[in-house]
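Student: Throughout the sequence shown, residue numbering follows this note's numbering, covering 793 to 1105 in sequence. Sharing a structure, written as structure tokens. Questions coming.
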Amino acid sequence: MASAVVARTAVGVLGTYVVLPFAHLWRMGRKSGSFTFSFAHSGMFSGFMLHMLRPCSCRLILPVVLPGNAISLFLFMSPMPTFIQIWKKGSVQQYSPAPYLATLVNCMVWVLYGVPWVTSDSTLVVTINGLGTAIELAYITFFLFFCSDRKKRVQMLAVLAVELAFIAILSSLVLTVVHTPKQRSKVVGIICILFNIMMYAAPLSVMKLVITTKSVEYMPFFLSFASFANGLCWTVYALLRFDPFILIPNGIGSFFGLAQLILYATYYKSTKEQAAVKRAKGDLSLSEVVVNGGDHLKRVADGNDSYDHVQVP
């Protein structure tokens, strides 16, 4: 039932924010006789601006436009399996809120970049990142609701407050101190790149947890795959365009995404073994499984902060 709801939601959002906008732009281009899309990179999540150019250019650019927005949307939706697991277990366990907080501020900055007072003809930049802002706020609210660790909740709320205050101050300064759209777009664009890199680097804490526990349980595969695919897509585009502002953050994002996939492949087997031990010894408090040279040792907390070592077949 949950998977069916997720599927219907994904299809609805895909149609609303990807298919319909491009169908509308296609009709506009056909009426005018000539058009193409030029890329307006929105960090991790990409938007496209309509410009009147040659018809043949559209046929060349459109195959890049559609996959790019589809991947961006997939990236937004990729944490859904994680939150379904949180809902089923009633706890966030060791999942980290850092990727969602980083993605939120990144989307809000790109929304600011796309508003008409900063950059003209960037409606789709605002649309895709506005959608991302709403989704990330929903994820964070959900995370707070199921987080039983008071310290972690306070930290999340503090970070969220700082992010909102930062966006408010940045918006005020850009719209009042910087007077021309060209200067505004340059200032906000540089800040967007910095936050984009920060968002790509957010999973580093989770990667450290994976290496420490030898388990990928708290590093969602779909999020890692979507990050890699999105970064790779726009890295290739940046190389074709020779655009360093697109290449730098997405090249870094591709590297981090690939590193996560390598970790997933490395520790996937040991994660399955740990899950099997937990199911077999459900009456025990399994705190750690150590894989050392092919010998699997189960260490079980006995309540006195000491551990019994039991051989696992």
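All C-beta atoms, glycine included, are put in the ideal place defined by N, C-alpha and C.
1. Would you kindly check if the distance between the Cβ of residue 893 and the Cβ of residue 994 is under 9 Å?
2. Under 8 Å: do the region 934-949 and the region 988-1005 share three or more Cβ pairs, one atom per stretch?
3. Residue 924 and residue 868 - do their beta-carbons sit closer together than 9 Å?
4. For a test of the three-state rule: what should DSSP assign to residue 975, helix, strand or coil?
5. Under three-state DSSP, which class holds residue 1066?
6. How is residue 1026 classed by DSSP in three states: helix, strand or coil?
7. Quick one: residues in its chain with C-beta nearer than 6 Å to the C-beta of residue 990, no 5 flanking neighbours on either side, listed in chain order?
8. If residue 890 and residue 997 are in contact, beta carbons under 8 Å, what's the gap, nearest whole angstrom?
9. Please list, in chain order, all residues of the same chain as residue 1031 whose beta carbon is under 7 Å from its beta carbon, the five residues on each side excluded.
10. Can you tell me whether residue 1048 is buried or exposed? The criterion is at least 16 other CB atoms within 10 Å of its CB, across all chains shown.
11. Determine the closest residue to residue 934 out of 873, 878, 951 and 1026, with distance taken between C-alpha atoms.
12. Taking the CB atoms as reference points, tell me whether residue 976 and residue 897 lie closer together than 9 Å.
13. How big is the Cα-Cα spacing for residue 1013 and residue 871?
14. Anyone know if the C-beta pair for residue 962 and residue 901 falls short of 9 Å?
Tutor: Quick answer:
1. yes
2. Result no; under three Cβ-Cβ pairs closer than 8 Å.
3. yes
4. helix
5. Looking at residue 1066 - three-state DSSP - the assignment turns out to be helix.
6. helix
7. 894
8. Correct: roughly 6 Å between the Cβ atoms.
9. 1039
10. Buried, by the Cβ-count rule.
11. Comparing C-alpha distances from residue 934 to each of 873, 878, 951 and 1026 shows the shortest one belongs to 878.
12. no
13. 9 Å
14. yes
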